[in-house]
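Undergrad: Supplied in structure tokens, the structure appears directly below.
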Amino acid sequence: MTALTVATLTLDAGGPREAIVQVSALTGGRTLVAVGPDGASYPELRDRVYAGITNSGLSWPDRNIIISFAPLGLWPVHPSSDLAVAAAVLAAAGHIQFTALSEAMFFGEVGLDGAVRPVPETLALVAAAAEREYRTVVVPAANARQAMLVPGVRVIGVNTLSELLTWATVGTEPAPPGPGQDHAMGTAGQAEPDLPPLPAWMQPTRFALEVAAAGRHHLGVTAAPELPVRLIGQYLRSLVPDLDDRHAVEVSALHAAAGYPVDALIRRPPLQVSGPKTSVTSMLGGKRPGLVSLAHRGVLLLHNAPDFAPEVLHALRQPLDRRIVQLARARGTTTVAADVQLIVTSRPCPCPATHSTSSGCSTPERRRYRNQLRAISDRLDIVAIIEATAGEATAGESTATLTARVVAARAAAAARWAPEGFSTNAEITKDVLRRPSFRIPASATEPLRRLLDAGQLSVQAYGRVLRLAWTVSDLRGARSPDRDAVDSAIELYNPRRYTS
Ligand SMILES: [Zn+2]
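To convert, note that position 360 of the sequence shown is 497 in this note's numbering; the numbers rise steadily by one, no gaps.
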């Protein structure tokens, strides 16, 4: 006899991964066996599927049914694969036609009573199925609205295995989900309120904010403790364009996996604000995505960053360098997306009050405070220092004007780097920066070279300044950076950031 195979995706290290459920029916008994690559049996999966089918009132055939998974090494199988296994068994048992299975993917956990239970990763799984050109997905009814957020996929939501059977045999689709309730989505996904022009105290950092937004560069801000400096996160986010379809699905899937109700695609880049009490687990994630993944494709703001536990700051180096988080699990590691733009705020000195440099904290105290940032300080592209006395009220540009300039600069960068596979200046690798077609003339980079020779800039920092120079040039509508753009970039990078 031939085995029946059904394609599915299971969740393992690295997110959704393709797998094949193979089901064989043999005469001479009435058992169900689930076998792993090492000959081990998987009683929990077997029991869920067996009980789910028989408790749905479906007859069990006079056949022994054997389930196995390919490729090997995927065990234990994530519970979201239950529905694919159940569908394959129903086909092997003769309840449904195999053709109903070959063009769809199935995701859902099967309860002992035959109920199809929701899985928080549904959106990620459906997005991955769509990428593999599956046009029909069968998902738990409770997740159907989420699954419908993925463009170009027909979604069948089922509450029970009986409903699955009805759909697969009669072709009757369960009623589509009605409009969901409105849920608060935390800080992500909300329409951007029309922000007023930058407040006076923020005006001196206007250019730094604009460059950070246009190039997606990491930004450090030191400001007097009485200023509401975390508002910079809102302002920065208000300047950047909406996420495109692919990124919106990615972000929505991560928020759904974290347990947030996601009824509409998250179109605005998320903003996550965290304070010094944040733990490594809440930052990186554990069973659920952490703050750094909830800020994926958006902004992560660390408020009063020098007060964070050093291990939290240290743990951020991997996502900052590789745009992912790798989490150790009982079996292997899991990789979760974490492409964030960082904003780091700090005070001029460790104490919570503002005072002049001549009183209060000593120079060594200030230095020790700043040093607490050392795990991430070299990842900051721009460091802006806002003086307590700053902010003559000037008529600033509207945020709409700023946004228009940022959007145009992003579009220019995206068009230039598209052949290299990048979209923002912050992503450009050293290789691409060095390529003759993108090399900035020596006359323009001369001041940068001098700083490098004097040991005031590292080679890494040199690259960061070049990326900033590209953004300055894009904001001016120029073709490539000139000496002026490089000078501006050096000022933004602030090579004397640690010495004052
Ligand atoms: Zn002080």
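Glycine included, C-beta positions come from ideal geometry on N, C-alpha and C.
Three or more C-beta pairs under 8 angstroms: does that hold for the region 611-629 against the region 543-562?
TA: As far as the Cβ criterion goes, the region 611-629 touches the region 543-562, which means the pair count is three or higher.
Undergrad: Is any non-hydrogen atom of ligand 1 found closer than 6 angstroms to the C-beta of Gly497, if you look at the structure I gave you?
TA: Here the question's residue 497 lines up with position 360 in the sequence shown. Gly497 Cβ: within cutoff of ligand 1.
Undergrad: Please report the residue range of the alpha helix (DSSP H) in which Ser419 lies.
TA: Working through the sequence shown from its first residue, we reach residue 419 at position 282. It spans Val417 to Leu421 - the alpha helix (DSSP H) in which Ser419 sits, taken as one unbroken run.
Undergrad: When the Cα atoms are used, what is the spatial distance from Gln159 to Thr147?
TA: Walking along the sequence shown from the start, residue 159 turns up at place 22. Walking along the sequence shown from the start, residue 147 turns up at place 10. For Gln159 and Thr147, the distance between alpha carbons rounds to 14 angstroms.
Undergrad: Which of the three DSSP states is assigned to Val623 in this structure?
TA: Here residue 623 refers to the residue found at position 486 of the sequence shown. It is helical.
Undergrad: The beta strand (DSSP E) with Ala465 in it runs from where to where?
TA: Within the sequence shown, the letter at position 328 stands for residue 465. Segment Ile461 to Ala465, the beta strand (DSSP E) holding Ala465.
Undergrad: Nearest to Ala606 by alpha carbon, out of Val274, Pro180 and Ile519?
TA: If you number the sequence shown from 1, residue 606 lands on position 469. Out of Val274, Pro180 and Ile519, Ile519 has the C-alpha closest to the C-alpha of Ala606.
Undergrad: Quick check on DSSP: helix, strand or coil for Val287?
TA: Looking up residue 287 in the sequence shown gives position 150. Here Val287 sits in coil by DSSP.
Undergrad: Name the DSSP bridge partner or partners of Glu155?
TA: For the purposes of this step, residue 155 is taken as the residue at position 18 of the sequence shown. Answer by DSSP bridge pairing, in chain order: Leu146.
Undergrad: Specify the secondary structure class of Arg200 as computed by DSSP and reduced to three states.
TA: The residue given as residue 200 occupies position 63 in the sequence shown. Strand, per DSSP.
Undergrad: Taking the beta strand (DSSP E) that Gln478 falls in, what are its first and last residues?
TA: The sequence position of residue 478 within the sequence shown is 341, counting from 1. Unbroken beta strand (DSSP E) run through Gln478: Gln478 to Ser483.
Undergrad: Excluding the 5 residues flanking Asn562 on each side, which residues of the same chain have their C-beta closer than 6 angstroms to its C-beta?
TA: Looking up residue 562 in the sequence shown gives position 425. For Asn562, where only same-chain residues beyond five positions count, the Cβ hits under 6 angstroms are Gly352, Ala550, Arg604, Trp607 and Thr608.
Undergrad: Rounding to the nearest angstrom, what Cα-Cα distance links Ile293 and Pro277 in this structure?
TA: Translated into the one-based positions of the sequence shown, residue 293 becomes position 156. Translated into the one-based positions of the sequence shown, residue 277 becomes position 140. Straight-line Cα distance between these residues: approximately 8 angstroms.
Undergrad: Beta-carbon within less than 7 angstroms of Ile233's beta-carbon, same chain only, minus the 5 sequence neighbours each way: which residues are those?
TA: On the sequence shown, residue 233 is found 96 positions in, with the first residue counted as 1. Once the five neighbours on either side are set aside, the close Cβ partners of Ile233 are Leu227, Leu302, Ala305 and Thr306.
Undergrad: By a C-beta neighbour count over all protein chains shown, 10 Å radius and 16 as the cutoff for buried, is Ala548 buried or exposed?
TA: Counted from its first residue, the sequence shown places residue 548 at position 411. That one is exposed.
Undergrad: Going by C-alpha distance, which of Arg634, Arg633 and Ala622 is nearest Phe344?
TA: Against the sequence shown, residue 344 aligns to sequence position 207. Checking every option, the nearest Cα to that of Phe344 belongs to Ala622.
Undergrad: Give the C-beta separation of Ser499 and Pro443 to the nearest angstrom, bearing in mind that I take them to be a contact with Cβ-Cβ under 8 angstroms.
TA: For the purposes of this step, residue 499 is taken as residue 362 along the sequence shown, with counting starting at 1. For the purposes of this step, residue 443 is taken as residue 306 along the sequence shown, with counting starting at 1. Their Cβ separation, rounded to whole angstroms, is 16 angstroms, which puts Ser499 and Pro443 out of contact at 8 angstroms.
Undergrad: With C-beta atoms as the reference, is Ala671 less than 7 angstroms away from Leu298?
TA: Nothing in the structure corresponds to residue 671, since the chain is present only between 138 and 637.
Undergrad: Within the continuous alpha helix (DSSP H) that includes Leu570, where are the two ends?
TA: In the sequence shown, residue 570 corresponds to position 433, counting from 1. Run containing Leu570: Lys567 to Arg571, per the alpha helix (DSSP H) assignment.
Undergrad: Can you give the Cα-Cα distance for Thr582 and Leu286, rounded to whole angstroms?
TA: In the sequence shown, residue 582 corresponds to position 445, counting from 1. In the sequence shown, residue 286 corresponds to position 149, counting from 1. So the alpha carbons of these two residues sit roughly 47 angstroms apart.
Undergrad: Taking 6 angstroms as the cut-off, is the CB of Pro556 close to at least one heavy atom of ligand 3?
TA: As for ligand 3, it is missing from this structure, which binds only ligand 1.
Undergrad: Assign Leu249 to buried or exposed, taking buried as 16 or more other Cβ atoms, counted over all protein chains shown, within 10 Å of its Cβ.
TA: Along the sequence shown, one-based indexing puts residue 249 at 112. Exposed is the call here.
Undergrad: Compute the distance between the beta-carbons of Ser389 and Leu380, then report whether it is under 7 angstroms.
TA: As a first step, residue 389 is located in the sequence shown; it is residue number 252 there, counting from the start. As a first step, residue 380 is located in the sequence shown; it is residue number 243 there, counting from the start. Going by C-beta atoms, Ser389 is not nearer than 7 angstroms to Leu380.
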